[in-house]
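Number of protein chains: 2
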Amino acid sequence: MKKEISSAVIKRLPRYYRYLGELLEEGVERISSGELSEKMGVTASQIRQDLNNFGGFGQQGYGYNVNYLYKEMSKILGIDNNHNIIIVGAGNLGQAIANYSNFAKRGFIINAIFDNNPDIVGKEVGDMKIMDTNELADYVMNNHVDIAALAIPKVESTVIAQELVSLGVKAFWNFSHIDLNLPEDVVVENVHLSESLMRLSYNLTNKEKTFL
Amino acid sequence: MKKEISSAVIKRLPRYYRYLGELLEEGVERISSGELSEKMGVTASQIRQDLNNFGGFGQQGYGYNVNYLYKEMSKILGIDNNHNIIIVGAGNLGQAIANYSNFAKRGFIINAIFDNNPDIVGKEVGDMKIMDTNELADYVMNNHVDIAALAIPKVESTVIAQELVSLGVKAFWNFSHIDLNLPEDVVVENVHLSESLMRLSYNLTNKEKTFL
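Given below as structure tokens:
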């Protein structure tokens, strides 16, 4: 029986991966939980607890082998395999995502981008030609798609997401400002930029009250 | 003494605001916590608990007055006042943020965008001309800046953030793939797109294991 990992832990995993990658680049071969703790600004006990969810990886008196932990973390995150991504919506945000070269380094391969605006269909973004959204179903039936990124207005995203689910897409990276209500076996990761900005506003407003 | 609000609650606040806005658009004047709960997919008790952090707003047997709660929520979030934003970095992502018209509706006013690439300085993004990053300090000294959005490579963002802090900027919307270590009275909201994608990968990988 697989242990249920809390979403707080899951949220922290990519940050471990990022720090381990930086350590590798700096040529660090091993690190104690104490040193990693100082670098990341979390307690050593938190790090040990988080990693213990997946089996530990540390050795008393030795610390963590950076390269080994980095590789294990990539397996845990599922980024030891490539993921094929399509983007629906080639507005500013869709194009920004398409042009983000960092994703490919982590095995996130963007294969196609779609839009329903005839003025931009056929134009190039990165090394892709923007395809017409009416070719989307055909494309998904004939190509392996792991993840669909939705960078379209919220009125369209519900319909498109449901269509993609019916075609077998199991993961959505949702930039539309709406909660997609999709079947239980479909995963959704939301990036709601307006909400992020509102949280910043909340924290700014309340920090000001504290520091006045 | 102000009560400390947990980050989990803060994370949910913009979502309440979004749903209340949608209800208002649909002409709904009041709603019970039960109905709101069903709409949002959280328990009614969670809603009551969350809102009780700020004084409640509900009335037994009446429910919530949508318009009143929407306005109170905007005060809580600090978006009843405008915020002046600058963007550092006019690459794809910086330009996407600059062109996002939804932010202005919530009082987030983007006033200037900077880049250090001479090929794009002077070009227009939305109704702004991209300014040279070497004009940044001057600009911040002569204009009121509430929030700086950082859409630049991580090597630059640490230096730029520290410079902006020394000029009095108190809030950062950080898209750079690095943790900014800034003084305690400065607030940072991170949008790490690669990490979001890794969380999606984690959930996809582990969901697949569950549903096999």
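So the protein lines, in turn, are chains A and B.
With the first letter of the first sequence counted as 1, position 85 gets the number 91 in our numbering; the numbers rise by one all the way through.
With the first letter of the second sequence counted as 1, position 182 gets the number 188 in our numbering; the numbers rise by one all the way through.
Positions of the beta carbon are idealized from the N, C-alpha and C atoms, including for glycine.
Given the structure is predicted, the values throughout are model-derived calculations rather than measurements.
Nearest neighbour of residue i, chosen from the options [CA to CA]
i, options, result
"B:I153", "B:N140, B:G174, B:E141 and B:V165", "B:G174"
"B:Q52", "B:A14, B:I82 and B:G84", "B:A14"
"A:E162", "A:L203, A:H183, A:N88 and A:G69", "A:H183"
"B:S207", "A:N59, A:G113 and A:G69", "A:G113"
"B:D144", "B:T164, B:I92, B:D125 and B:Y68", "B:I92"
"B:K160", "B:F181, B:N87 and B:V72", "B:F181"
"A:V146", "A:K176, A:Y70, A:G128 and A:S38", "A:K176"
"B:N108", "A:T164, A:Y25 and A:S200", "A:S200"
"A:Y23", "B:I126, B:R205, B:V72 and B:E28", "B:R205"
"B:V72", "B:V94, B:G47, B:A96 and B:S38", "B:S38"
"B:G27", "B:K129, B:N209, B:L75 and B:A157", "B:L75"
"B:N88", "B:N209, B:S43, B:A110 and B:L156", "B:A110"
"B:H198", "A:Y106, A:G67 and A:E78", "A:Y106"
"A:D191", "A:S172, A:L142 and A:L156", "A:S172"
"A:L30", "A:K77, A:G61, A:G62 and A:I126", "A:K77"
Bridge partners - residue i, DSSP secondary structure assignment
i, result
"B:V94", "B:F120 and B:L156"
"B:R36", "B:N71"
"A:V6", "Absent from the model: residue 6 of chain A. The displayed extent of chain A is 7 to 218, so no value can be given."
"B:H183", "Paired residues: none, contrary to the question."
"A:D138", "A:D121"
"B:F114", "B:H89"
"A:V131", "A:M134"
"B:Q65", "B:G69"
Spatial neighbours of residue i in its chain, beta-carbon cut-off 8 Å, leaving aside the 5 residues before and after
i, result
"A:Q168", "L188"
"A:N90", "I115, N117, N149, H150, V151, D152 and I153"
"A:E35", "N71, V72 and N73"
"A:N212", "none"
"B:T139", "V94, F120, D121, N122 and I166"
"A:A104", "I93, A96, I116, I119, V131, G132 and M134"
"A:E141", "F120"
"A:G64", "S39, R54, L57 and Y70"
"B:N209", "none"
Other residues of its chain near residue i: CB distance less than 6 Å, five sequence neighbours each side excluded
i, result
"A:M7", "Bear in mind that the predicted position of A:M7 carries a pLDDT of just 40, short of 50, making it too unreliable to give a figure here."
"A:N196", "N180"
"B:A50", "S39, G40 and S43"
"A:V193", "A177"
"A:D86", "S80"
"A:M46", "Y25"
"B:V48", "none"
"B:L203", "none"
Own chain, CB closer than 7 Å to residue i, minus 5 neighbours either side, in chain order
i, result
"B:I158", "V94, G95, I166 and S182"
"A:D185", "none"
"B:I11", "N59"
"B:Y68", "R36"
"A:G273", "Beyond the ends of chain A as shown, which are 7 and 218, falls residue 273 of chain A; an answer cannot be given."
"B:L170", "V146 and A154"
"A:I5", "The question about residue 5 of chain A has no answer here: the residues shown for chain A are numbered 7 through 218."
"A:G128", "K135 and I136"
"B:T164", "I184 and L186"
Examine the Cβ distances between the segment 120–130 of chain A and the segment 81–101 of chain A and report whether three or more of them are shorter than 8 Å. At 8 Å Cβ cutoff, the stretches touch.
Any 3 or more C-beta pairs closer than 8 Å across the segment 75–91 of chain B and the segment 14–27 of chain B: With the cut-off at 8 Å, the segment 75–91 of chain B and the segment 14–27 of chain B touch.
Can we say the segment 49–63 of chain A touches the segment 134–141 of chain A, given the rule of at least three CB pairs closer than 8 Å? Verdict: no, contact absent.
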